[in-house]
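Note sheet for the following structure.
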Amino acid sequence: MSSKFEIPLMNQRALFGSFLAAHAIPDALDILFTGVGCKPKAQRQIAQHDRFREAGSKMVWADIGEREAIGGPLDRLENITLETVSRRGQVGIIFVATSAAAELLSADLRPALARIRRRAGCPVVLLPSAGWDRDMYAGYGAAQRAVLDLVDWKRSPARGRSVGIVGHWFHRYESDQQADLDELRRLLKGAGAEPGPVFFSGAPLAKLLELAGSAAILRLPYLLDEPLAAGSPAPARAVAHGHWGRRPVLPTALPVGTAHTESFVLTAAQAAGAGEDRARRFVREERARLQPVLRRARRELAGKRALVLADTPLAAGLCCLLPELGVRVPLAVLLDETLGGRKALQAELRTSGVDSPPVILENPGYTELERAFEMVFGRRGGVDFIVGPDLWLPPRIREGAAWMELGFPSNRWHPSEPAPVLGFSGLRALAKRLLEVAAG
Amino acid sequence: MSERTDLSQPGCLIEGMTQLLSFAAGDFAVVLHSEPDCANLVFRDSRVVDPRRFLCTNLTEREAVAGRGGEKLWRAVSEARRRCGKQGTVFVLGGCVASMMGEDLDAAARRHAGCGKLVVLSGAAFGKVGQAELIDRFCELLVRENLPNRKPKSRARRVALLGYPDDGGECQRLLASAGVELCRLDPTSDFARWECLRAGPLLVVPDRELFARTGTAWAERGLALMEAPLPLGLSRSLEFYRALGSSLALTPRAKETPSRDRPRWLAWPRGRSRQTKIANRLREEAHRAVRRFWRGNARRLAYHVGSRKDFEAFTSAYGGLVALPLFLELGFEITLFFQGAVESERQEQIRRLLQRYGISRPFACLPDRLSLAVALKKGRFDAVFCDESLRDEAGAAHTPMITRAALHLGLGGVAPSCREIERAISNSAVAFTRKKA
């Protein structure tokens, strides 16, 4: 049976990615230059996922109906945007996202956006989304680039050891994400750096623009190399050349699992110009502190098998972390289409000295997933854990498996206490969670 | 679009249909003829029945510009047919891009030989569809599919309730005591469930205008259709049972004068049967709950309409004013807020609608959700009845929020509703902040 028409497991596109970015900046607005049906492609997707902060007010629909589509939609876009801005008062930045159908109208939005920018007094960024082919990570990355374009790179960087982070995937305001940010800051301090702004982290625009004061920048893998923003591609080029202004930009793996976290800490120490000895000491101490948890996890989870569903960077981290806990990963399902895929995962794991999962799928449809599952686990075999977001899975796969919800969307998991995924604290928290789900 | 549909949040055809079909069980498959992003409207988390039933033609920019999507659609329909079997229904839903391409979807989809049951629905590009209109269209489809071949000879002893949320089985129990069979339907019911209509039951809807097309399809065959209010609150529950009782010719077993508060068929004397006891107990409890409800200076309630988009009859019936009678009988002083366009044309429309329902309450139109917080602060309300998603706005105005989850249906639901409304209002955290503010 062909699966060419099947909807892939993760189908959120760039339109949603840019909305998620707006959600991650409290004073941002996301104007949808789309049909009415596109509204749920944005806000509804995180209605269950983020119980802490409602996202509905981030989104403004430009009210493009049949009449406007024929008679010229730009006046409507301008009026609605300006009305909204005047009603809401302080707006830091406006994203304007377009849908595939809106793009077919071939309306030149730039003059209207320039007028809005002048009258609203804040940056207005066009994020041509198009639901044609780009995934949500690309949309989120495009929004990051657009905001990076606003940073005053001509400003002299601070003299201290301040290190900013870009390319972080912040998707909700709940305690798991807050704990991740705390852990990133803790790791930076452990490496001898002063934590700078994190793109994105739930901080308002003004706070993000303070990135210009950072002496160095760490780039996490959710910011892609290629330029995507509609505006100037200067920072994109700078990423490729390793510098923004006079600040070094160092790519680093997502700190999930001890190997990746260690590499993150050492890169941070290098970025801050702090001594490697201090960073190594910090890592040693943290590793020692983790030993009791790791020993217990290995004892209780040894030989268990997990199905990992995650985007490439997180999957790379989990494929390192789970074996540390004694859990094997025979099948990894990558949920992104633009973060490197199978090749990037394999390369990352090779660098970390970890075996790649025997089967890796790239955002498959259900038929492909079921076929691979059967191939890996046999007709009657099953999996002990599913580690991944709240996605519908065929009964054959989910039956008998303990599910540890992780990533976007997590509709059923809303931790009441800090539950990080990143860093050493993340390893401890994930080990604890796995032991809990294994115990039923 | 009728007046009522304008008051609810509009959506597009794909959005509404995918929402309804994501939660429905049955032998069907759905083909979205659109760009991949529209497939994002299909629910694919753990709550849904089976997203494998949804396919998407994934139109590309090149295909859209060249107007070449027919071939792809035909192949997707063939695959959908394989998935749902010969007896199943294949839905084809056209999106904005497909509409802009101007293809004849029906012809393209039917190229597949032996296409079986095929339903092709396509909206205009950037077209808006009211929630009520879409619910009605969808129910009409299912009703037409299940019309009885001939009119039942005997007087109906079967009732089909269409669009009524669950009341915890109360209606079923009470009707069973009178020997009446009940079937409950809503747009997300299993397709097989709709087959109960083949027996020609009395079809009962909460709002005749909401189900205008469905009702017409049913009545065209000379089948019985009745409107009975949604049993929310004491008066509406009694009215609901009174309407059912009179339509089904249910009479009391002993002489007792029916009063406004005692519908005829619920007016059975005490102790005749277990069901009678249940009915009497429910009614008395409901009476007591309403009488007991706080009666001091009238509490001020903001009633918010128009932020919810769930394609449910509960949200769309009576222009979203379905819970109003309950709050009125509890003695609230109500101000209505309608989210949406603030133009005078719409205000006039709302005025006419309220007039039609005999409601004389002050109202205001709010352009967006954030305006609700401002209106609440200004009005200093004791509570706001609104959608759960407006918690930030209600919180910003320090106004306790009553959501739909607090409302229970049926006579047995009156007391729990009163309790939960009371609890929501006296929510200590909000009340404290409010006092401080």
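Residue numbers (the working numbering), protein chains in the order written: chain S, 28 to 467; chain X, 4 to 440.
We treat Cβ as the ideally placed atom computed from N, Cα and C, and that holds for glycine.
Keep in mind it's a predicted model, so treat the numbers as computed, not measured.
Amino acids of chain S, ordered along the chain, whose beta-carbon sits closer than 9 Å to that of residue i
i      : result
I17/X  : G64
A202/X : Under the 9 Å cutoff, chain S gives no residues; its nearest Cβ is about 33 Å from A202/X.
Interface flag, residue i vs chain X, CB-CB below 7 Å
i      : result
L109/S : no
W159/S : yes
A257/S : Here A257/S scores only 40 on pLDDT, less than 50, and its place in the model should not be relied on; the value that follows carries that caveat. Judged by the 7 Å Cβ criterion, A257/S is not in contact with chain X.
N106/S : no
K68/S  : yes
I143/S : no
E327/S : no
A55/S  : no
V123/S : no
S84/S  : yes
Neighbour list for residue i in chain X, Cβ cutoff strictly below 8 Å
i      : result
W180/S : Chain X residues near W180/S: none, gap ~33 Å exceeds 8 Å.
L418/S : R47, D48 and S49
Y393/S : P54 and R55
Close-in-space but distant-in-sequence residues of the same chain around residue i (CB under 7 Å, 5 per side omitted)
i      : result
C99/X  : A128 and F129
L23/X  : F141, P190, T191 and F314
A256/S : With a pLDDT of only 39 at A256/S, under 50, the local geometry of the prediction cannot be trusted, and no value is derived from it.
E432/S : P416, D417, R439 and W440
H50/S  : I73, A82 and K85
Y321/X : D210 and Y360
Helix, strand or coil at residue i according to DSSP, with G and I counted as helix
i      : result
Q117/S : coil
A257/S : Note that A257/S scores a pLDDT of 40, beneath 50, so its modelled location is shaky and nothing firm can be said.
R274/S : strand
M468/S : Since the first residue of chain S shown is 28 and the last is 467, residue 468/S is not available in this structure.
M229/X : strand
R50/X  : coil
V183/X : coil
F214/X : coil
T191/X : coil
E389/S : strand
E33/S  : strand
S443/S : coil
G330/S : coil
A134/S : coil
G29/X  : coil
A237/S : According to the sequence shown, residue 237/S is Glu rather than Ala. It is helical.
R455/S : helix
E289/S : helix
P357/S : strand
Min CB distance residue i to chain S below 7 Å
i      : result
V95/X  : no
E38/X  : yes
K131/X : yes
S392/X : yes
L373/X : yes
Spatial neighbours of residue i in its chain, beta-carbon cut-off 6 Å, leaving aside the 5 residues before and after
i      : result
Q171/S : F226 and L250
P234/X : S240, F243, L412 and G413
K331/S : V354 and D411
Closer than 9 Å at the beta carbon, the chain X residues around residue i
i      : result
N438/S : D48, S49 and R50
N390/S : Here the premise fails: no neighbours, minimum Cβ distance about 11 Å.
L42/S  : D40 and N43
Proximal chain S residues relative to residue i, where beta-carbon distance stays under 8 Å
i      : result
F57/X  : I34
P234/X : Under the 8 Å cutoff, chain S gives no residues; its nearest Cβ is about 29 Å from P234/X.
R311/X : Within chain S, no residue comes near R311/X; the closest Cβ sits about 11 Å away, beyond 8 Å.
V100/X : A127, A128 and L131
8 Å Cβ shell around residue i - same chain, five flanking residues per side excluded
i      : result
G382/X : R303, A305 and T338
Contacts of residue i in chain S (Cβ-Cβ under 7 Å)
i      : result
A67/X  : L131
V45/X  : I34
M103/X : A128 and L131
7 Å Cβ cut-off: residues of chain X touching residue i
i     : result
Q39/S : N43
Any beta strand (DSSP E) of 3 or more consecutive residues that is wholly inside the segment 355–409 of chain X: 366–369 and 386–388
_List, from N- to C-terminal side, the alpha helix (DSSP H) runs of 4 residues or more that fit wholly inside the segment 298–351 of chain X._
316–319 and 327–332
- Message: Please give the ranges of any alpha helix (DSSP H) in the segment 395–436 of chain S, keeping only runs that are unbroken, at least 4 residues long and fully inside the region.
- Response: 422–425
Whole runs of the alpha helix (DSSP H) within the segment 32–115 of chain X, excluding any shorter than 4 residues: 64–69, 73–87, 99–104 and 108–113
| Inside the segment 163–217 of chain S only - beta strand (DSSP E) runs reaching at least 3 residues | 189–193
Any chance you could list the alpha helix (DSSP H) runs of at least 4 consecutive residues sitting entirely within the segment 31–71 of chain S, in chain order?
41–51
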